[in-house]
Amino acid sequence: EAEGEESNRRRRLHFQDATKRHAYLNSFSTLPQSAKYGVNRFSDLSQHEFRELYLRASADTAPPFSGLKTQR
Amino acid sequence: LPGKFDWRDKAVVATVQNQEACGSCWAFSVVGATQSVRAIGGWRLQQLSVQQVLDCSFRNNGCSGGSTFQALSWLKQTGVKLVPQSEYPYKAKTGICHFFPQSHGGVAVRNFTSHDFSGQEEAMMSHLVERGPLAVIVDAVSWQDYLGGIIQHHCSSKWANHAVLVVGYDTVGDIPYWIVQNSWGASWGNEGYVYIKIGGNLCGIADSVAAVIV
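What follows is the structure, encoded as structure tokens:
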């Protein structure tokens, strides 16, 4: 029960952090088509938890695209 | 180039999937590109097995993460055929690789290209039209809070961490944007899609771009 309460407390804190982030991110959205940020199902995750769970891809360095190939 | 192009209009893009609590975006991106390119070739659009790539692409780490380049290299080098999703369903956890005989039906990746299009997003648009949906790696840190609309700010290109599928673009309106399919379910973003402004390599969308040949 104590663990559950601690978890709920943490979730509430993450949610409060998320709300602050949303206000900041939305302050740049001036046009109707601009991105909107707000509460979704990731809002009670810390940014660290979100990265650990969902952002697990790595990129290998790719060569620059060289445009159309020329033929001799 | 047309002002607007969307592979969904040609019915070659499968529905939005949900990777759940598993770092399998790289597998969704590769499988999404493969099944679309196959459908562009005239075959019926069929969901292919993400779980097969997750379990069997040994240079990657299953739900702990992976790279689209490594997955495509593995598919090309081994000639493994991707079986339909119905035969090897998604479980959102890494499992033991199931092998199928070569005689078993499936889709093989014959080749692929991987390029950095940063500073050349118009060429990337052309690439998309010519080659089909593109598997790309982005920095998606700010996507945790995304609800919809066109991302124009707060999306750096410094740290690639998430694989997605670019399926179209729209340059007709005031803000030109990429149409990108994510794998976080249809309730996220614009029915599972995110729009990213074209130009400036936002979110690093042009840094690592792979096209599949089947």
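Protein sequence lines, in the order shown, are assigned to chains A and B.
When we follow my numbering, the leftmost residue of the first sequence carries the number 6, and every step to the right adds one.
When we follow my numbering, the leftmost residue of the second sequence carries the number 13, and every step to the right adds one.
The beta-carbon is built from N, C-alpha and C at its ideal position, and this holds for glycine as well.
Only a predicted model underlies this, so the values are computations on that prediction, with no experimental measurement involved.
Assumed close pair residue i, residue j - CB separation to whole angstroms, cut-off 8 Å
i, j, result
"B:Val25", "B:Pro145", "6 Å"
"B:Val141", "B:Leu13", "6 Å"
"B:Asp157", "B:Cys167", "Wrong, their Cβ atoms sit about 12 Å apart, outside the cutoff."
"B:Val218", "B:Ser130", "The question names Val, yet the displayed sequence has Ala at residue 218 of chain B. B:Ala218 to B:Ser130, Cβ: 5 Å. Contact."
"B:Val226", "B:Val119", "6 Å"
"B:Leu177", "B:Gly44", "4 Å"
"A:His27", "A:Leu50", "14 Å between Cβ atoms; not a contact."
"B:Gln47", "B:Gln59", "7 Å"
"B:Ala223", "B:Phe124", "6 Å"
"B:Lys16", "B:Val184", "5 Å"
"B:Ser169", "B:Phe40", "That pair is no contact at about 21 Å."
"B:Gly77", "B:Glu133", "Between B:Glu133 and B:Gly77 the Cβ distance is about 27 Å, and since that is not below 8 Å, they are no contact."
Residue burial classification, residue i (beta-carbon count within 10 angstroms, cutoff 16)
i, result
"B:Gln164", "buried"
"B:Lys209", "buried"
"B:Ser220", "buried"
"A:Thr75", "In this prediction, A:Thr75 scores a pLDDT of 48, lower than 50, which makes its location untrustworthy; the coordinate-derived value is nonetheless stated afterwards. Label assigned to A:Thr75: exposed."
"A:Ala7", "exposed"
"B:Ser98", "exposed"
"B:Asn213", "buried"
"A:Glu11", "exposed"
"B:Asp21", "exposed"
"B:Leu84", "buried"
"A:Phe33", "exposed"
"A:Pro69", "exposed"
"B:Glu203", "exposed"
"B:Arg50", "buried"
"B:Trp86", "buried"
"A:Gln21", "exposed"
"A:Arg77", "Reliability fails at A:Arg77, whose pLDDT of 48 lies under 50, so the model's placement of it is uncertain and the value that follows must be treated cautiously. A:Arg77 is exposed by the Cβ-count criterion."
"B:Ser61", "buried"
"B:Ala23", "exposed"
"B:His139", "buried"
"A:Leu60", "buried"
"B:Val8", "It is not possible to answer for residue 8 of chain B, since the shown part of chain B is limited to 13 through 226."
"B:Ser115", "exposed"
"B:Leu94", "buried"
"B:Ser126", "buried"
"B:Trp190", "buried"
"A:Ser71", "exposed"
Proximity winner among the options, relative to residue i (alpha-carbon distances)
i, options, result
"B:Val92", "B:Pro113, B:Gln156, B:Lys105", "B:Pro113"
"B:Trp19", "B:Asn123, B:Gly204, B:Tyr181", "B:Tyr181"
"A:Ser39", "B:Lys103, B:Cys215, B:Ala83, B:Asp186", "B:Asp186"
"A:Glu57", "B:Gly54, B:Cys68, B:Leu60, B:Cys75", "B:Cys75"
"A:Ala62", "B:Asp21, B:Val148, B:Asn213", "B:Val148"
"B:Phe111", "B:Asn30, B:Gln193, B:Gln63", "B:Gln63"
"A:Phe55", "B:Val95, B:Glu32, B:Trp38", "B:Glu32"
"B:Asn173", "B:Trp38, B:Lys16, B:Gly15, B:Ala23", "B:Trp38"
"B:Gly161", "A:Gly9, A:Arg16, A:Leu30", "A:Leu30"
"B:Ser79", "B:Met137, B:Thr183, B:Ser138, B:Val42", "B:Val42"
"B:Gln89", "B:Ser138, B:Val95, B:Arg71", "B:Arg71"
"B:Lys105", "B:His139, B:Met136, B:Gly117, B:Cys68", "B:Cys68"
"A:Gly43", "A:Arg17, A:Gln52, A:Thr66, A:Thr24", "A:Thr24"
"B:Gly201", "A:Asn45, A:Arg17, A:Leu36", "A:Asn45"
"A:Thr66", "B:Trp171, B:Tyr207, B:Ala198, B:Trp190", "B:Trp171"
"B:Tyr207", "A:Ser71, A:Asn13, A:Lys41", "A:Lys41"
"B:Ile52", "B:Gly216, B:Ala198, B:Arg143", "B:Arg143"
Short CB-CB distance (under 8 Å) between residue i and chain D
i, result
"B:His127", "In the structure shown, chain D does not exist; the protein chains are A and B."
Any residues in the segment 8 to 32 of chain A with a beta carbon nearer than 7 Å to a beta carbon of chain B? Which ones, in chain order? Residues Ala23, Arg26, His27, Leu30.
Chain A contacts from the segment 161 to 173 of chain B (Cβ-Cβ distance under 8 Å): Those residues of the segment 161 to 173 of chain B placed with their C-beta closer than 8 Å to a C-beta in chain A are Gly161, Ile162, Ile163, Gln164, His165, His166, Ala172, Asn173, ordered along the chain.
Starting from the N-terminal side, write out each stretch of the alpha helix (DSSP H) that is 4 residues or longer and does not extend beyond the segment 48 to 118 of chain B. Counting whole runs of 4 or more residues, the segment 48 to 118 of chain B contains the alpha helix (DSSP H) stretches 62 to 68, 80 to 90.
Going residue by residue through the segment 126 to 170 of chain B, where are the continuous alpha helix (DSSP H) segments of at least 4 residues, counting only ones entirely within it? Fully contained in the segment 126 to 170 of chain B are the following alpha helix (DSSP H) runs of length 4 or more, in chain order: 133 to 143.
When you check each C-beta in the segment 21 to 38 of chain B against every C-beta of chain A, which residues fall closer than 7 Å? Ala33, Gly35, Cys37, Trp38
Can you list, in chain order, the residues of the segment 53 to 71 of chain A whose Cβ is nearer than 9 Å to any Cβ on chain B? Phe55, Arg56, Glu57, Leu58, Tyr59, Leu60, Arg61, Ala62, Ser63, Ala64, Asp65, Thr66, Ala67, Pro68, Pro69, Phe70, Ser71
Would you list, in chain order, the members of the segment 173 to 185 of chain B that have their beta-carbon closer than 8 Å to a beta-carbon of chain A? Asn173, His174, Ala175, Gly185
Residues, ordered as in the chain, of the segment 81 to 106 of chain B that lie near chain A by beta-carbon distance below 8 Å: Phe81, Gln82
When you check each C-beta in the segment 131 to 156 of chain B against every C-beta of chain A, which residues fall closer than 8 Å? Those residues of the segment 131 to 156 of chain B that come within reach of chain A (Cβ to Cβ, closer than 8 Å) are Gln132, Ala135, Met136, His139, Ile149, Ala152, Val153, Ser154, Gln156.
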